[in-house]
Amino acid sequence: MLRIILALFATLALAAGEARGTVLLTLNGDLALRPSEGFLGGGDPSLHEVTTKLRDALAAGEARLVLDLSRGFSGGLAAAEEIAAVLRERGPGTSVACLLDRVGDPALVIAAACDEVVMPAAGVLAVHGLAAEGWYLAPALARVGVRFHAVASGEFKTAPETFTREGPSDAARAEMRQLIEGMDRVLVSLAARPGLDLAKARAEGLQTGSAAKGLGLVTQAVEPGAWLAAQPTPLRRVRFGAEVPDLSSFAGMMRFWGQLLGGDSAARPARSVAVVELAGMIIPGEHSMPGDTVADGDTCALLDRLRDDRRVAAVVLRIDSPGGDATASDRIHHAVRRLDEAKPVVCLMDGVAASGGYWIACAAREIRVHRATITGSIGAFAMVPDLQGAADLLGVRRHVELAAPHGALMSPFGWTAEREAVYRRVIADVDDRFRRLVAQRRNLPRERIDTLAQGRVFTGEQAVAERLADGLGTLASAVA
Numbered sequence: 012m013l014r015i016i017l018a019l020f021a022t023l024a025l026a027a028g029e030a031r032g033t034v035l036l037t038l039n040g041d042l043a044l045r046p047s048e049g050f051l052g053g054g055d056p057s058l059h060e061v062t063t064k065l066r067d068a069l070a071a072g073e074a075r076l077v078l079d080l081s082r083g084f085s086g087g088l089a090a091a092e093e094i095a096a097v098l099r100e101r102g103p104g105t106s107v108a109c110l111l112d113r114v115g116d117p118a119l120v121i122a123a124a125c126d127e128v129v130m131p132a133a134g135v136l137a138v139h140g141l142a143a144e145g146w147y148l149a150p151a152l153a154r155v156g157v158r159f160h161a162v163a164s165g166e167f168k169t170a171p172e173t174f175t176r177e178g179p180s181d182a183a184r185a186e187m188r189q190l191i192e193g194m195d196r197v198l199v200s201l202a203a204r205p206g207l208d209l210a211k212a213r214a215e216g217l218q219t220g221s222a223a224k225g226l227g228l229v230t231q232a233v234e235p236g237a238w239l240a241a242q243p244t245p246l247r248r249v250r251f252g253a254e255v256p257d258l259s260s261f262a263g264m265m266r267f268w269g270q271l272l273g274g275d276s277a278a279r280p281a282r283s284v285a286v287v288e289l290a291g292m293i294i295p296g297e298h299s300m301p302g303d304t305v306a307d308g309d310t311c312a313l314l315d316r317l318r319d320d321r322r323v324a325a326v327v328l329r330i331d332s333p334g335g336d337a338t339a340s341d342r343i344h345h346a347v348r349r350l351d352e353a354k355p356v357v358c359l360m361d362g363v364a365a366s367g368g369y370w371i372a373c374a375a376r377e378i379r380v381h382r383a384t385i386t387g388s389i390g391a392f393a394m395v396p397d398l399q400g401a402a403d404l405l406g407v408r409r410h411v412e413l414a415a416p417h418g419a420l421m422s423p424f425g426w427t428a429e430r431e432a433v434y435r436r437v438i439a440d441v442d443d444r445f446r447r448l449v450a451q452r453r454n455l456p457r458e459r460i461d462t463l464a465q466g467r468v469f470t471g472e473q474a475v476a477e478r479l480a481d482g483l484g485t486l487a488s489a490v491a
């Protein structure tokens with residue numbers, strides 16, 4: 012799904028004479044770039060919403076900020092990295108504490124940016140390290156006579172193996188290993204703080220309150236209600252999501268419709284930085300779906316409108332996508348380039364910007380990443396189902412007359428060397444185009460791109476080292 016946000020970093024200062032107390036933010040859900048939501052909101056908060064509210068809270072002049080991560084926090088490593096970066100922007104006037112319970116390793120990245128870390132005495136932490144797993148469906152599909160045939164541009168373009176193999180290839184196993192080790196190095200570095208024995212904590216697997224304190228995971232184990240009551244008063248709770256509109260009056264209804272149709276234009280400055288979020292699988296079509304897909308139709312239309320909008324001075328393109336359709340990715344890539352010819356476009360990669368996600372990203376004049384971003388996967392593949400076995404199991408017979416040699420090319424029945432050769436030629440052409448674009452946009456020799464391609468994946472740190480990205484960054488630094 013795509014959406015546009017005006018980068019207005021307003022602050023909520025305390026009124027004159029108002030007591031400095033505590034502001035409480037409860038972080039729950041996976042903090043997706045574009046989470047699913049109802050008509051009036053009410054779903055889990057987005058990463059942008061959380062960081063905006065957090066920045067406002069830190070600037071409000073309160074004595075204390077409390078982050079409650081005990082209510083179902085499941086954010087990933089890149090999201091935790093962004094939140095920690097915002098916390099480290101704070102001045103000396105506000106202390107920060109976080110409450111942990113039933114969280115894993117990524118929460119430690121946020122904890123490392125806090126002054127105090129507590130957990131319920133009866134709580135449990137699940138700090139046991141990272142893992143990567145793959146699922147392989149070929150044996151199950153074979154039971155019903157279904158096979159998949161795949162043509163890939165490199166040995167590390169291994170996504171089809173889920174459907175074509177009984178287990179990982181050597182290349183897939185090696186790539187999975189190097190990626191998880193790279194991500195773990197990032198996590199260990201980001202989570203480090205005085206007194207924390209992360210290796211020993213992981214050896215325990217699960218940690219209760221008393222054990223967590225001894226391992227340096229928390230500064231103390233508490234009874235949460237009493238601990239919150241002891242914070243500086245007054246206590247102010249930050250709420251996420253849209254407020255339920257007042258539809259009992261004409262004025263309330265007009266405000267509601269104004270929000271639906273694009274917000275309060277009076278609040279927009281004469282020149283703004285627009286933040287465009289692209290989250291989900293990249294598909295051909297006219298309409299993106301919330302939190303799931305990025306369609307080339309409405310995405311290109313939006314980028315073209317931004318190019319012509321004189322109120323927009325620059326654009327931050329924020330991507331969280333594993334890729335998708337090559338043609339759709341290429342169309343969006345060129346829409347980004349048209350936009351960049353008129354005004355600066357900076358790409359910020361979130362959790363994942365791989366394959367088609369990177370295809371789009373490399374159109375920007377500058378690419379910023381989190382250390383924990385997963386990117387790369389330069390290459391292409393095609394996967395074709397073969398239902399001939401299922402037809403044989405059912406006793407279904409088929410007869411085909413061809414008017415041309417490849418008349419049945421798209422048929423899901425049977426697989427021949429001739430069909431494979433056709434797909435291989437197409438995939439090679441798509442892959443070559445992808446590599447040429449990356450070499451051109453990143454100003455790297457084609458020979459270097461050939462080494463980095465073949466479906467290889469990288470952490471954000473690795474991508475910067477390989478010059479596939481320009482540096483580390485957050486939304487605030489990208490906007491600046």
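Okay, so the sequence shown: first residue is 12 according to the numbering used here, each after it adds one. The C-beta atom is built at its ideal place from N, Cα and C for all residues, glycine as well.
Within a Cβ cutoff of 7 Å, which residues of the same chain sit near residue i, ignoring the five residues on either side of it in sequence?
i: R478; result: R453 and L455
In this structure, how does DSSP classify residue i when only helix, strand and coil are distinguished?
i: A375; result: coil
i: D361; result: strand
i: E127; result: strand
i: H410; result: coil
i: F392; result: strand
i: Q242; result: coil
i: Q189; result: helix
i: H59; result: helix
i: M194; result: helix
i: Q218; result: strand
i: A108; result: strand
i: Q231; result: strand
i: G145; result: coil
i: T427; result: coil
i: L258; result: For L258, the predicted structure reports a pLDDT of 44, less than 50, and the residue's modelled location is therefore unreliable. A value from the coordinates is still provided. Reduced to three states, the DSSP call for L258 is coil.
i: H139; result: coil
i: L226; result: coil
Report the rounded CA-to-CA distance for residue i versus residue j, giving the unit in angstroms.
i: R409; j: P396; result: 17 Å
i: T37; j: Y434; result: 50 Å
i: R66; j: G418; result: 60 Å
i: G308; j: A91; result: 32 Å
i: L152; j: R158; result: 6 Å
i: L207; j: I191; result: 22 Å
i: A491; j: L463; result: 30 Å
i: G227; j: T219; result: 12 Å
i: G156; j: L413; result: 25 Å
i: D275; j: A183; result: With a pLDDT of 48 at D275, under the threshold of 50, the predicted position of this residue should be treated as unreliable, and no value is reported.
i: K224; j: G87; result: 24 Å
i: K64; j: D319; result: 30 Å
i: G140; j: G104; result: 34 Å
i: T62; j: I94; result: 6 Å
i: R436; j: A401; result: 28 Å
i: T310; j: A337; result: 15 Å
i: L448; j: D440; result: 12 Å
i: S164; j: D126; result: 49 Å
i: R316; j: F424; result: 44 Å
Based on Cα-Cα distance, which residue from the options lies nearest to residue i?
i: V327; options: M360, V305 and D341; result: M360
i: D442; options: L404, F392, G193 and L405; result: F392
i: S332; options: H298, I371, R318 and K354; result: I371
i: A364; options: L314, L289, R342 and H345; result: L289
i: Q189; options: R467, L207, T169 and V411; result: R467
i: D55; options: A68, L69, L76 and S85; result: S85
i: F445; options: H344, V305 and L483; result: H344
i: V34; options: F174, L239 and A223; result: L239
i: F427; options: R250, V162 and D319; result: Reading off the sequence, residue 427 comes out as Thr, not Phe. Among R250, V162 and D319, the Cα nearest to that of T427 belongs to V162.
i: A232; options: P205, V128 and V284; result: V128
i: V305; options: I330, R321, K354 and D319; result: I330
Enumerate in chain order the residues of its own chain whose CB-to-CB distance from residue i is below 6 Å, with the five nearest sequence positions on each side excluded.
i: Q270; result: Bear in mind that a pLDDT of 49 at Q270, under 50, signals an unreliable position, so the number given afterwards is only what the model happens to contain. Cβ within range, chain order: n/a, list empty.
i: G367; result: I293, G334, G335 and S340
i: M186; result: Going by the sequence as given, residue 186 is Glu instead of Met. For E186, where only same-chain residues beyond five positions count, the Cβ hits under 6 Å are F167.
Ordered along the chain, which non-local residues of its own chain (more than five positions away) have a Cβ less than 8 Å from that of residue i?
i: R31; result: L25, G72, E73, A74 and P243
i: S180; result: E166, T169 and E172
For residue i, verify whether its CB is less than 7 Å away from any heavy atom of the ligand FAD.
i: V162; result: Questions concerning the ligand FAD fall outside what the structure shown contains, since it holds no ligand whatsoever.
Whole runs of the alpha helix (DSSP H) within the stretch 408-488, excluding any shorter than 4 residues: 428-453, 457-463 and 471-476
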